[in-house]
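Protein chains: 2
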Amino acid sequence: MSAYQELETRFKRMAALGEAEGMLHWDMSVLMPAGGAASRIEQLSALKLTTHEMKTDPRLAELLEAAEAEVPDDPWRAANLREMRRSWVHANAVDAGLVDATTRACSACEMVWREARPENDYARVLPYLEEVLNLSRQAAAAKAEALGRSPYEALLDQFEPDGSTARIDSLFTDLSAFLPDFLETALSRQSARGEGELPDGPFSVDKQRGLGERLMRTLGFDFDAGRLDVSLHPFCGGVPGDVRITTRYTEDDFTESLMGVLHETGHALYEMGLPDDWRYQPVGQARGMALHESQSLLIEMQACRSREYLEFAAPLMRETFGGTGAVWDADNLYRLYTRVDRSFIRVDADEVTYPAHVILRYRLESALIAGDMKLADLPGAWNDGMEELLGIRPPEDRLGCLQDIHWYDGAWGYFPTYTMGAMAAAQLFAAAKEARPEIPEGISKGDFAPLVGWMRENLHTKASSGSTDELMQAATGKPLGTEAFKAHLQTRYG
Amino acid sequence: MSAYQELETRFKRMAALGEAEGMLHWDMSVLMPAGGAASRIEQLSALKLTTHEMKTDPRLAELLEAAEAEVPDDPWRAANLREMRRSWVHANAVDAGLVDATTRACSACEMVWREARPENDYARVLPYLEEVLNLSRQAAAAKAEALGRSPYEALLDQFEPDGSTARIDSLFTDLSAFLPDFLETALSRQSARGEGELPDGPFSVDKQRGLGERLMRTLGFDFDAGRLDVSLHPFCGGVPGDVRITTRYTEDDFTESLMGVLHETGHALYEMGLPDDWRYQPVGQARGMALHESQSLLIEMQACRSREYLEFAAPLMRETFGGTGAVWDADNLYRLYTRVDRSFIRVDADEVTYPAHVILRYRLESALIAGDMKLADLPGAWNDGMEELLGIRPPEDRLGCLQDIHWYDGAWGYFPTYTMGAMAAAQLFAAAKEARPEIPEGISKGDFAPLVGWMRENLHTKASSGSTDELMQAATGKPLGTEAFKAHLQTRYG
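Residue numbers (numbering that gives the first Met the number 0), protein chains in the order written: chain A, 0 to 493; chain B, 0 to 493.
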C-alpha cells in the first residue's frame, strides 16, 4: 500500500469516528434525557481523544511527508492530501489535555447556558464561559503558530478554511457603508406599501410538520435518506444518506418553523449532494461553513422568500390550515416573509439587518480572542454595539449576549460565515439563473430541479476540491464579493 | 500512576467507546432511515476496530501482568482485574480482520433477515447466515483455545461469563423431565377453570403508551434517566442515566405491549441500579445475560403476571381504555395473562412452554457450532425438534427458524441465558419474599419499593463483583437451580 493509500485508510477511520460523534451530538440535542448528560460527555470525550491520538500518531506524520514528496497527479487526490495536512496541523498544534479540557468545558458551559438564558442570568454562566474562552485562546495561540496566521484566523480556519480577516474586514466594511442608508430606504418603502399580516392561529404542530415535509419533498429531500425532528436550536446534522434536520414549532405562528425547515433543507441538500466516491475523505466534505450557509440561504432567502415561490406555496398554506381571506394570498405572505425590522434576535432577523448582527459578533469575538476585552464587559459592549449598528439597545441579556449558543459551546470564529454565506447565496443564485433562465419559472411551480441540479453540478459535487474562492470563481466567474448581495437587496427591498 | 490505575483509565475509555456503539445500535433499531445503513456499518466498524486495537495494544498486556503480580487487596479491584483479563482474552484471541469481517457480515445478514422473515424466505438469507456462522465458528475456535474451554462455551462466555455446558445440560435435563407432564397438568387445569378473554379493541397506541409509562413510573423508572420508544424488536439499550427501552404496539391487543414494557423495565431497573462508583469499569457492568433476564422476568413474570399485581393494574387498564364488564376484572385478566398454550413463537410463549423453545435452540446452535449440522438442514431440524419437544410442527419458516434475530445478528451462545434467567427470577423472587414478607402486599398496591429495594441491595449494586453463582448464593443462599422455578410453576399453573 502506498503512503497515500494508507493515509486514506486512516482518514476513513477518523471520519467514521467523527460521524459517530456527530450522531451522538444530534441525539443529545433532539432526544437525550437530562440524566444522560454525564455519560454523553464521557462518550464524546473518548471519541475526541481517540481521534486526536490517531492524528498525533508519529506514523501519520511520516506518511504525510512520504505522500507529499510525490504529490498525486490526480487533482482530487492532491486536494485530499492538502486537506489531510490541514487537519493534521490543527490536531498536532494542541495536546490531548487541552482537547479533553475543551470538550468538557464546552459541554458544561452549554448546559449551564441552556438554563441561564431563559433566566436572563449572564453572571451564572460567566465563569463557565471564562473557562471556554481561556481554553479557546490557548488553542488559538497554538494553532496560530502552527499555521503562521493570527489566533483569530486559526479559529476561523476550522470553520472557513483559509478564511482571512483582511478579506472579511474588507467585505464587512463595504456592507457597513451600504446597509444603514439602505435600511432606511427599505423601511420607508415598507411603510409605503404596508406590512404583511400574520394569519390568525393556532396552527397545530401536526399540520405544520405535514406541510414542512411536503415542501421538503418538493425540494428533493429524500425521507429514506434523512429525518425531520424537533430541537431547541434548529440545525442540520447526520451524514449523507441519513441527513437529520430539526426545527421548532410554536402554535401561534407557522411561518417561522416553515422557513426554518426550508433553511435546513438547503443545508441538507448540500450534504446529500456530496460525491459518494470521496465519502469518508477530507476532500469529500462540504467546503466550509460559508458555502454551507450559502446553500441554506439560497433555498430560504433567495428562492423561498421570493414572490415566485409564494405563488406556489400560498395555496398549500391556505389548504393546510383551512385559511380564508386575503391574508392567505401570495401578496400578503410575500410582504410578511420580506418584512424588515430592527430587532434584537439574530436568528429572527431579516436579510437587511442580519449583517449588523454578525458584524457586531465578529467585532466582539475578535476583541475577546485578542485579549482586548474582558468577558465581564461583554453585556455592555454588546448593547453599545447594537445601539451603534442598529440604533436599538437590548433591555436584557437574553435579548443580547445570552441569545446565541455559539461561544458558550466553544464555536469562536464561526459568526462571519453567516454573512459570507448570505453574499455567496446571492452570487450563486444570480449565476444559476443566468445559466438556467428557467429557474424562476420552476420555483413558481415548486419545481426545484433546475436550481438544485445546477447547484449539484457546480457546487455540491465539488466538495472540498478547491478553496471557497476557487469554487466561487468556477461557479460564478468571480471570487466572493458583496455585489450580488447588494443587488439582491436592492431588487427585493429597495 | 500504578499499573492498575492505568488499566482503569484505559478501560474507562474503552467502555465509553462501547457506550457510543450501543447508542448507535439503539438509533439504528429505533429511528435511522434506511439510507443510513451503509454509513452506520462504517461507524460501528470503526468503533469496534478502534476498541480492538486498544485491547490488543502490547502495553495493555504488560499492564495486566504487572497489576496481576500484585493483586489489589480490595475485592472490587481484584474482581475488576479479573474482568479486565477476561475482556483481554476475548479480544486478543481474534485478529482485526476477523473482528471487522464479523461486524460487516452480521450487519449485512441482519438487514437481509429483516426482509427474508416476512417473506418466509430462508433460502435468501442462507448465504449470509453461512458467512456469519463461519466467522462465528472461527472466533469460537480461537477463543476456545485461549480460554481452555469448548468452542460453544467460548461463545457462551461472552453473554454468561463462566457459563458451563455441563451445568446447562444438567439444568435443562431436569426441566425436560419435569415439563412435558406438567404442561398436560397445566392445560387440563386451564380447561377446567376456563381461559381468560381478551377485551375488544381497538386500543389506541397513545393510550397504550400512556398506561405503559404510568406503570413504568410505579416500578421506579425515572423518565429523566431514560426513554420509552418503538422498535420492531423490543429491547433495553442505553446506559445508566439514559436507559432506553422499546416496545411495539398493535391496536388489537394492549396486553402484549404492556407486558413487554414491564419486561424491559425490569432490565432497565438493573441498569439504573448498577453502582456509580464503578460506572465505566468491567466490574461495574451487569453480571451477564442470565441475571439480566432474571430481572426482566422477575418484574414481568414473577411480579406483574401475579394475581396481586392484576388487582392493582386491572382498574387502571379499565380506566385507560374506558372498558366495561367482567372482562376487565382482575380475575379475567389474570387468566389471560397466565394462559398456557403450545405455540410456535418464542417471544409470545408462556412460562411453561418457553423452556422448550430455548432447549430446542440450544441443541441446534450447539450442533451448528460444533460442525455436527449444516445450515441447509436447519429448517427441517427445527421443525422436527418442535414436534418432539412441544408436539407441534411449524407450517412455515417464519414460524420456525426465521423467527429470532439471534444467529442472524451473530449472537450464538445466547439462548440458554433466557431459561437460566427464568430460573434465577423464581429463585430471587422467593428469597426476596422470604426476606421481606411485605412484598406481595406492596405489589397488590403498585408499591414496588420493597421488591426493587431488595434487588438493588442484593443484586444490582453487586454488578460483576462475583460470578453468577456467587451472586445467587449470596442473595438466595444457594447456587442457581430449577427448584424455585418448578415450585413457581406448580403454584401458578399446577
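Where is the CB? At the ideal position from N, CA and C, for every residue including glycine.
Note that the structure is predicted; figures quoted are calculated from it, not measured.
Query	Result
Which residue's Cα is closest to the Cα of G409 (chain A): A:A107, A:D56, A:S464?	A:A107
Measuring only the C-alpha atoms, how far is Y492 (chain B) from A165 (chain B)?	29 Å
Which residues bound the beta strand (DSSP E) around C235 (chain A)?	235-238
From what residue to what residue does the beta strand (DSSP E) around G162 (chain A) run?	From DSSP, G162 (chain A) is part of no beta strand (DSSP E); its letter is neither H nor E.
Chain A beta carbons: is any one of them nearer than 8 Å to that of P71 (chain B)?	no
Put D252 (chain B) into one of helix, strand or coil per three-state DSSP.	strand
What is the residue span of the beta strand (DSSP E) that I244 (chain A) lies within?	241-246
Could one say the Cβ of Q101 (chain A) lies closer than 8 Å to chain B's Cβ atoms, at least one of them?	Here the sequence assigns Thr to residue 101 (chain A), which means Gln is not the residue at that position. No - not a single Cβ of chain B is within 8 Å of the one on T101 (chain A).
Would you mind telling me which residues of chain B sit closer than 8 Å to Q42 (chain A), beta carbon to beta carbon, in chain order?	A15, L16, E18, A19, M22
Name the chain A residues that come within less than 7 Å of M31 (chain B), Cβ to Cβ?	D241
Going along the chain, which unbroken runs of the alpha helix (DSSP H) with 4 or more residues stay wholly within the region 399-438 of chain A?	415-434
Return the residues of the region 218-243 of chain B that lie within a Cβ-Cβ distance of less than 8 Å from chain A, sorted by chain order.	D221, F222, D223, A224, G225, R226, G237, V238, P239, G240, D241
Could you tell me if P201 (chain A) is buried or exposed, where buried requires 16 or more neighbouring beta carbons within 10 angstroms of its beta carbon?	exposed
Under the DSSP definition of a beta bridge, which residues are partnered with R226 (chain B)?	B:R243
Check whether the Cβ of G528 (chain A) lies closer than 8 Å to any Cβ atom in chain B.	No statement about residue 528 (chain A) is possible, as the shown extent of chain A runs from 0 to 493 and does not include it.
For a quick check, are the C-beta atoms of L182 (chain A) and L335 (chain A) less than 8 Å apart?	no
Return the residue from the list A:M83, A:A138, A:L388 that minimises the CA-CA distance to A66 (chain A).	A:M83
Hey, quick one: how far does the alpha helix (DSSP H) through W87 (chain A) stretch, first residue to last?	74-91
Note the first and the last residue of the continuous alpha helix (DSSP H) segment covering V124 (chain A).	121-146
Using 8 Å as the Cβ pair cut-off and three pairs as the minimum, do the region 305-316 of chain A and the region 417-428 of chain A touch?	no
List, in chain order, every chain A residue whose beta-carbon is nearer than 7 Å to that of S38 (chain B).	E18, V238, G240, D241
Could you have a look at R213 (chain A) and say whether DSSP puts it in helix, strand or coil?	helix
So V351 (chain A) packs on A185 (chain A), CB below 8 Å; how close in whole Å?	5 Å
Strictly under 8 Å for the Cβ-Cβ distance: is Y279 (chain B) near chain A by that measure?	yes
Mind listing the chain B neighbours of T8 (chain A)? Cutoff is C-beta to C-beta under 7 Å, in chain order.	Those do not exist, as T8 (chain A) stays about 11 Å from chain B at its closest Cβ, beyond 7 Å.
Which class does H232 (chain A) belong to by DSSP, given the choice of helix, strand or coil?	coil
Hey, G420 (chain B) and A289 (chain B) are a contact pair by Cβ (cut 8 Å); roughly how many whole angstroms apart?	5 Å
For a contact meaning CB atoms closer than 7 Å, what does D26 (chain B) contact in chain A?	M22, D26
Under the three-state reduction of DSSP, which class applies to Y361 (chain A): helix, strand or coil?	helix
Please go through the same chain and pick out, in chain order, the residues whose beta-carbon is closer than 8 Å to the beta-carbon of V229 (chain A), but skip the five residues on each side of it.	V29, T245, T246, R247, Y248
So for Q280 (chain A), helix, strand or coil by DSSP?	coil
Got a sec: which bits of the region 82-94 of chain A sit with their beta carbon under 9 Å from any beta carbon on chain B, in order along the chain?	none
For P436 (chain B), count neighbouring C-beta atoms within 10 Å of its own C-beta (all shown protein chains included) and say buried if the count is 16 or more, exposed if not.	exposed
Beta-carbon within less than 8 Å of D252 (chain B)'s beta-carbon, same chain only, minus the 5 sequence neighbours each way: which residues are those?	L197, G200, F202
Give every residue of the same chain whose Cβ lies closer than 8 Å to the Cβ of G399 (chain A), excluding the five residues on either side of it in the sequence, and list them in chain order.	F343, P378, W381, N382, M385, P393
Closer than 7 Å by beta-carbon distance: list the chain B residues that pair up with L97 (chain A), in chain order.	In chain order: nothing, as chain B lies at least about 17 Å away.
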